[in-house]
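Undergrad: Chains A and B, in that order, give the protein sequences.
According to the working numbering, the first sequence is numbered sequentially starting from 1.
According to the working numbering, the second sequence is numbered sequentially starting from 85.
All C-beta atoms, glycine included, are put in the ideal place defined by N, C-alpha and C.
Since the structure is predicted, the reported quantities are computational estimates derived from the model, not experimental observations.
Quick one: the structure is below, questions incoming.
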Amino acid sequence: VVEVPIDVLLFGPLADLAASPKVRCLVPEGARVDELLKRLRERFPALAPRLDSAAVAVNLAYVARDRALAAGDEVALIPPVSGG
Amino acid sequence: MLILVTDAPLDEKAARAHVARPGNGAVLVFFGCVRDRHEGREVRSVEYHAYGAMAELELARIASSVAAAHGVADVAVLHRTGTLPVGEASLVVAVGAPHREAAFRCAQEIIDVLKERVPIWKKEIGPDGAVWQEGVTPPLPPPRG
């Protein structure tokens with residue numbers, strides 16, 4: 001299986017936990033969001049407890065966990081929001 | 085529609101001017117301001133962090149769908165980022181409508197949905213240090229399957 005790197009933008013408390021606004025993670029080509037989350041749990045244990053409550057955005061819109069990822073997608077983890 | 089996420093002070097006059105028209109008998113301008121307490125904690129300032137490009141898109145999606153549902157045509161939403169002291173405006177929502185009922189309902193609903201969906205985060209700074217506010221997980225779109 002070919003693996004492709006996905007850059008994942010982090011915000012709010014997730015960026016603090018990872019000590020970075022961005023992490024890179026390898027996933028199988030065509031992987032879905034849930035596979036990416038599984039890989040992130042393994043590679044970045046500091047993020048793991050917060051991933052269940054995070055939403056995922058691809059190309060600036062919220063997506064469901066079954067969304068397939070493509071090279072060049074802008075992927076972001078959105079922890080619980082508190083704007084206003 | 086005027087939508088802006090910015091680290092500069094919010095221009096409420098521009099927001100008001102954007103929604104004031106001869107047909108709008110109701111012009112409502114709401115300010116959301118940094119409060120000095122949150123869940124029993126003293127707050128001195130709040131750092132607003134945003135996923136700027138997505139926050140503007142989400143605000144535009146919310147403002148247009150809520151405005152359409154209330155038959156309102158004129159809306160402006162401005163959200164500030166950066167470190168704001170107590171009392172400073174972090175949010176301006178302006179709505180112009182022919183009558184007040186629609187203007188009040190539309191502004192209220194825009195703010196309700198904004199708090200559930202727009203990718204912006206508050207970090208409170210108080211006497212004991214900094215803490216991220218708990219927040220709300222945005223509703224996920226249903227799976228496609």
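Given a threshold of 16 other Cβ atoms within 10 Å of its Cβ, counted over all protein chains shown, does Ser-149(B) qualify as buried or as exposed?
TA: The residue labelled residue 149(B) in the question sits at position 65 within the second sequence. Result: exposed.
Undergrad: For Ala-61(A), count neighbouring C-beta atoms within 10 Å of its own C-beta (all shown protein chains included) and say buried if the count is 16 or more, exposed if not.
TA: Taking the first sequence and counting its residues from 1, one reaches residue 61(A) at position 61. Looking at its Cβ environment, which holds fewer than 16 other Cβ atoms inside 10 Å, Ala-61(A) is exposed.
Undergrad: I need the straight-line Cα distance from Leu-162(B) to Val-1(A), nearest angstrom please.
TA: To locate residue 162(B), count along the second sequence from 1; it is residue 78. To locate residue 1(A), count along the first sequence from 1; it is residue 1. So the two alpha carbons sit approximately 46 Å from each other.
Undergrad: Once DSSP output is grouped into helix, strand and coil, what is the label at Ser-149(B)?
TA: Here residue 149(B) corresponds to residue number 65 of the second sequence, with the count starting at 1. Residue state, collapsed to three classes: helix.
Undergrad: Just the Cα atoms here: how many angstroms apart are Ala-104(B) and Leu-168(B)?
TA: Counting from 1 along the second sequence, the entry for residue 104(B) is found at position 20. Counting from 1 along the second sequence, the entry for residue 168(B) is found at position 84. Using only the alpha carbons, I get a separation of about 28 Å.
Undergrad: Taking the alpha-carbon of Asn-59(A) as reference, which of Arg-65(A), Val-75(A), Arg-50(A) has the nearest alpha-carbon?
TA: Taking the first residue of the first sequence as 1, we reach residue 59(A) at position 59. Closest by C-alpha distance to Asn-59(A), out of Arg-65(A), Val-75(A), Arg-50(A), is Val-75(A).
Undergrad: Do the CB positions of Gln-217(B) and Lys-206(B) come within less than 8 Å of each other?
TA: The residue labelled residue 217(B) in the question sits at position 133 within the second sequence. The residue labelled residue 206(B) in the question sits at position 122 within the second sequence. In contact: Gln-217(B) and Lys-206(B) (Cβ atoms closer than 8 Å).
Undergrad: Quick one: Cα of Leu-94(B) to Cα of Asp-52(A), how far?
TA: Residue mapping note: residue 94(B) aligns to position 10 of the second sequence, counting from 1. Residue mapping note: residue 52(A) aligns to position 52 of the first sequence, counting from 1. Taking the straight line from one Cα to the other gives about 34 Å.
Undergrad: For a quick check, are the C-beta atoms of Pro-225(B) and Val-63(A) less than 8 Å apart?
TA: In the second sequence, residue 225(B) corresponds to position 141, counting from 1. In the first sequence, residue 63(A) corresponds to position 63, counting from 1. Yes, they are a contact pair.
Undergrad: Using DSSP's beta-bridge definition, name the partner residues of Glu-131(B).
TA: Here residue 131(B) is taken as the residue at index 47 of the second sequence, counted from 1. Answer is Thr-167(B), Lys-207(B), bridged to Glu-131(B).
Undergrad: Would Ser-129(B) and Ile-209(B) be called neighbours here (beta carbons separated by less than 8 Å)?
TA: If you number the second sequence from 1, residue 129(B) lands on position 45. If you number the second sequence from 1, residue 209(B) lands on position 125. Yes.
Undergrad: What whole-angstrom Cβ distance do Ala-178(B) and Ala-110(B) have, given they're in contact under 8 Å?
TA: Here residue 178(B) corresponds to residue number 94 of the second sequence, with the count starting at 1. Here residue 110(B) corresponds to residue number 26 of the second sequence, with the count starting at 1. Going by Cβ atoms, the distance from Ala-178(B) to Ala-110(B) rounds to 11 Å, so no, they are not a contact pair.
Undergrad: Could you tell me whether any Cβ in chain B is nearer than 8 Å to the Cβ of Ser-20(A)?
TA: One-based indexing of the first sequence puts residue 20(A) at position 20. Ser-20(A) is outside the set of residues whose beta carbon lies under 8 Å from a beta carbon in chain B.
Undergrad: With the cut-off set at 8 Å, would you say Tyr-135(B) and Gly-166(B) are in Cβ contact?
TA: Your numbering for residue 135(B) matches position 51 in the second sequence. Your numbering for residue 166(B) matches position 82 in the second sequence. Cβ atoms of Tyr-135(B) and Gly-166(B): not closer than 8 Å.
Undergrad: For the alpha helix (DSSP H) containing Phe-188(B), name the first residue and the last one.
TA: For this step, residue 188(B) is matched to residue 104 along the second sequence. Here the alpha helix (DSSP H) through Phe-188(B) covers 184-201.
Undergrad: So which residues on chain A does Gly-116(B) lean against when the C-beta distance must stay under 8 Å?
TA: The residue labelled residue 116(B) in the question sits at position 32 within the second sequence. The contacting residues are Gly-84.
Undergrad: What residues from chain A crowd round Gly-219(B), counting only those whose CB sits closer than 8 Å?
TA: Here the question's residue 219(B) lines up with position 135 in the second sequence. Result: Gly-12, Pro-79, Pro-80, Val-81, Ser-82.
Undergrad: Any residues in the segment 193-212 of chain B with a beta carbon nearer than 9 Å to a beta carbon of chain A? Which ones, in chain order?
TA: Only those residues of the segment 193-212 of chain B whose C-beta falls short of 9 Å from the nearest C-beta of chain A are listed: Ile-195, Leu-198, Lys-199, Glu-200, Arg-201, Val-202, Pro-203, Ile-204, Trp-205, Lys-206, Lys-207.
Undergrad: Just how far apart, CA to CA, sit Gly-72(A) and Pro-5(A)?
TA: The count along the first sequence starts at 1 and reaches residue 72(A) at position 72. The count along the first sequence starts at 1 and reaches residue 5(A) at position 5. Roughly 9 Å separates the two Cα atoms.
Undergrad: Can you have a look at Glu-142(B) and say buried or exposed, based on whether 16 or more other CB atoms are within 10 angstroms of its CB?
TA: Along the second sequence, one-based indexing puts residue 142(B) at 58. Counting Cβ neighbours within 10 Å, Glu-142(B) comes out buried, since at least 16 surround it.
Undergrad: Under 8 Å between the Cβ atoms of Pro-85(A) and Pro-13(A)?
TA: The question about residue 85(A) has no answer, for chain A in this structure spans 1 to 84.
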